[in-house]
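A.B. asks: Starting off with a structure, shown below.
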Amino acid sequence: MSGVEIGLWSLVGILGLIWLGMHVSIALALTSFVGIWALRDNPQYASRMLALATRESISSYLFGVVPLFVLMGLVVSRADIGRDTFDVANRALGRLKGGLGMATVGANAIFAAITGISIASAAVFTKVAVPEMMRIGHTAKFATGVVAGSSVLGMLIPPSLLLILYGIIAEQSVGFLFVAGIGPGLVLTLAYIVGIALLVRFAPGFTGVPQPAPAASHEGSLAVDTLTKLAPIAALIALVLGGIYGGVFTPTEAGAIGALGAIVIAGIKRRIGPRVLWQVTLETGHITASICFLIVAATMYSRFLSLSGLPAFVTEWAIAQDLGPTGFVLLFCAILIVLGTILDSSSILLITLPLVLPIATAMQIDLIWFGIVTVLAVEIGLLTPPLGLSVYVIKGALDDPAISLGDVFRGALPFAAIMLFVLLLLVFFPVISTGLL
16 MSGVEIGLWS LVGILGLIWL GMHVSIALAL TSFVGIWALR DNPQYASRML
66 ALATRESISS YLFGVVPLFV LMGLVVSRAD IGRDTFDVAN RALGRLKGGL
116 GMATVGANAI FAAITGISIA SAAVFTKVAV PEMMRIGHTA KFATGVVAGS
166 SVLGMLIPPS LLLILYGIIA EQSVGFLFVA GIGPGLVLTL AYIVGIALLV
216 RFAPGFTGVP QPAPAASHEG SLAVDTLTKL APIAALIALV LGGIYGGVFT
266 PTEAGAIGAL GAIVIAGIKR RIGPRVLWQV TLETGHITAS ICFLIVAATM
316 YSRFLSLSGL PAFVTEWAIA QDLGPTGFVL LFCAILIVLG TILDSSSILL
366 ITLPLVLPIA TAMQIDLIWF GIVTVLAVEI GLLTPPLGLS VYVIKGALDD
416 PAISLGDVFR GALPFAAIML FVLLLLVFFP VISTGLL
């Protein structure tokens, strides 16, 4: 077989191994080893290539950003800061028609800016927001759909683990990616709020007919509540993103400052002690190790594909189709959305980016903007069956067995449609992402 044929068969092999239940990093590494062996007919050469890829992929200073932002996100999650943001947003918007859903979106947007993990947002707001929304008359599918839709903001509004992963694979500035994600994140947040208002008005059978949320029982004005609950969070966001945007910190340094700031805030609020901090540190290590294996495997796979000649072949084929940059991006987004129905977000990035980045480069596409488009398209898969990861997390966190998995998927469908609309806006109006750069 030619190198291109071996490369094509590797894609089939990776998808097959993942569907059989093998972890994506092991599937990538195993396929890469066998592929290089087949290309060079030398297992020792394959071993040396993979060992070199392993050493180079995680020795970069940039890789330090991963555990630091993971630690910050986990500390914030354990300190009940998600509940604080929801309380403030609820007091501000809860009296509006559909205001509790809007408050959930707003709180999730703020929470996303200090966690970067969609799964954490889904788990936290399932416990906090779903019971409150159902209590005032919203249907279960609408309540869970709001949480599912707004949870994906964690992977778009910086800091985002998917943007970090894209930056490492594409060798792009993580700081620039963070800044580029702010505009689309805000647009998606606003689109969700408008969508909720329209659904409550024109689709009461889907949303239920909510009663106005009761006034908060605790004393104190909204200004005081905001100061005590939201000001520390706003300070942390300003410290991390402001430091990156202002050129004061590198992304890795900002991750360290953010992690320390989160620990200090949690300590001041007396919501985290030495025991919990140790547990969070261990969990950070586990997540970082998993991400580390993914990055190592992605580097191995990129080296193998380069040797096979498949990226160059695909690049020439794509250019010959005369799709143009916009046509190529739209086709790629369609492929990502389809893959999102069967694979998780990280797996999709690791499999597709080594193939499409050379094409995007040859077409002179801005790789920062391309990264934001890619992450948004991949995130639609978090809401679509059969493998909608956020939906499964929400179902697992629910205490009500009467709410089925199908209810959550049906509730998430309008929000997936809103995401698709925002994705098209971003494709045709790149300034939404690049305007701050």
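With this note's numbering as the guide, the letters of the sequence shown map in order to residues 16 to 452.
The beta-carbon is built from N, C-alpha and C at its ideal position, and this holds for glycine as well.
Quick caveat, the model's predicted, so the values are computed rather than measured.
For residue 297 and residue 224, I'd like the C-alpha separation in whole angstroms.
C.D. replies: Taking the sequence shown and counting its residues from 1, one reaches residue 297 at position 282. Taking the sequence shown and counting its residues from 1, one reaches residue 224 at position 209. The alpha-carbon atoms of residue 297 and residue 224 are separated by roughly 44 angstroms.
A.B. asks: Comparing C-alpha positions only, which one of 390, 39, 99 and 100 sits nearest to residue 350?
C.D. replies: Numbered from its first residue, the sequence shown carries residue 350 at position 335. Minimum Cα distance to residue 350 is reached at 390.
A.B. asks: By the 10 Å Cβ neighbour count, where 16 or more other Cβ atoms means buried, how is residue 339 classified, buried or exposed?
C.D. replies: If you number the sequence shown from 1, residue 339 lands on position 324. Classification for residue 339: exposed.
A.B. asks: Return yes when the Cβ of residue 355 is within less than 8 angstroms of the Cβ of residue 211, no when it is not.
C.D. replies: The residue labelled residue 211 in the question sits at position 196 within the sequence shown. The residue labelled residue 355 in the question sits at position 340 within the sequence shown. Their beta carbons are not under 8 angstroms apart, which means residue 211 does not touch residue 355 by this criterion.
A.B. asks: Tell me which residues share the same chain as residue 51 and place their Cβ nearer than 6 angstroms to its Cβ, disregarding the 5 neighbours each side in the sequence.
C.D. replies: What you label residue 51 is simply residue 36 of the sequence shown in a count that begins at 1. Closer than 6 angstroms at Cβ, skipping near neighbours: 61, 64 and 319.
A.B. asks: Which stretch, first to last residue, makes up the alpha helix (DSSP H) that contains residue 147?
C.D. replies: Reading the sequence shown from its first residue, position 132 is the one you call residue 147. Its alpha helix (DSSP H) spans residues 145-150.
A.B. asks: Tell me which residues share the same chain as residue 423 and place their Cβ nearer than 6 angstroms to its Cβ, disregarding the 5 neighbours each side in the sequence.
C.D. replies: Within the sequence shown, numbered from 1, the residue matching residue 423 stands at position 408. The answer, listed in chain order, is 159, 406, 409 and 410.
A.B. asks: Given that a residue counts as buried once 16 or more other Cβ atoms are within 10 Å of its Cβ, and exposed if not, what is residue 34?
C.D. replies: Here residue 34 corresponds to residue number 19 of the sequence shown, with the count starting at 1. Result: exposed.
A.B. asks: Spatial neighbours of residue 232 within its chain, please: C-beta separation below 6 angstroms, excluding the five flanking residues on both sides.
C.D. replies: One-based indexing of the sequence shown puts residue 232 at position 217. Its pLDDT being 47, under 50, residue 232 is placed unreliably in this model, and the coordinates cannot settle the point.
A.B. asks: Taking DSSP as the reference, what is the three-state secondary structure of residue 223?
C.D. replies: Here residue 223 is taken as the residue at index 208 of the sequence shown, counted from 1. Looking at residue 223 - three-state DSSP - the assignment turns out to be strand.
A.B. asks: Just checking my contact of residue 383 with residue 193 at CB under 8 angstroms: how many whole Å lie between their CB atoms?
C.D. replies: If you number the sequence shown from 1, residue 383 lands on position 368. If you number the sequence shown from 1, residue 193 lands on position 178. Not quite, the Cβ-Cβ distance comes to about 10 angstroms (not below 8 angstroms), so this is no contact.
A.B. asks: Give the straight-line distance between the Cα atoms of residue 178 and residue 170, rounded to the nearest whole angstrom.
C.D. replies: On the sequence shown, residue 178 is found 163 positions in, with the first residue counted as 1. On the sequence shown, residue 170 is found 155 positions in, with the first residue counted as 1. Taking the straight line joining both Cα atoms gives about 7 angstroms.
A.B. asks: Check the C-beta distance from residue 198 over to residue 451 and give it rounded, since I have them as a contact under 8 angstroms.
C.D. replies: Here the question's residue 198 lines up with position 183 in the sequence shown. Here the question's residue 451 lines up with position 436 in the sequence shown. The pair is a contact, with the Cβ atoms about 6 angstroms apart (cut-off 8 angstroms).
A.B. asks: What does the alpha-carbon distance come out to for the pair residue 366 and residue 360?
C.D. replies: Counting from one through the sequence shown, the residue named residue 366 turns up at place 351. Counting from one through the sequence shown, the residue named residue 360 turns up at place 345. Looking at the two C-alpha atoms, the distance is approximately 10 angstroms.
A.B. asks: Counting pairs of Cβ atoms below 8 angstroms between the segment 252-260 and the segment 269-284, do you hit three or more?
C.D. replies: Enough Cβ pairs lie closer than 8 angstroms, so yes.
A.B. asks: Can you give the Cα-Cα distance for residue 2 and residue 314, rounded to whole angstroms?
C.D. replies: Limits of the chain in this structure are 16 at one end and 452 at the other, which puts residue 2 out of reach.
A.B. asks: Taking C-alpha atoms, which residue in 381, 180 and 100 lies nearest to residue 81?
C.D. replies: As a first step, residue 81 must be located in the sequence shown, where it is residue number 66. Closest option to residue 81, Cα to Cα, is 180.
A.B. asks: Can you name, in chain order, every residue of its own chain whose Cβ lies under 8 angstroms from the Cβ of residue 428, other than the five neighbours on each side?
C.D. replies: Counting from one through the sequence shown, the residue named residue 428 turns up at place 413. Cβ within range, chain order: 160 and 398.
A.B. asks: Looking only at its chain, what residues have a beta carbon closer than 6 angstroms to the beta carbon of residue 280, apart from the 5 residues adjacent to it on each side?
C.D. replies: On the sequence shown, position 265 is the one that residue 280 refers to. Excluding residues within five positions, the ones whose Cβ falls inside 6 angstroms are 247.
A.B. asks: Count the CB pairs spanning the segment 283-295 and the segment 125-138 that are closer than 8 angstroms, and state whether there are at least three.
C.D. replies: The segment 283-295 vs the segment 125-138: no contact.
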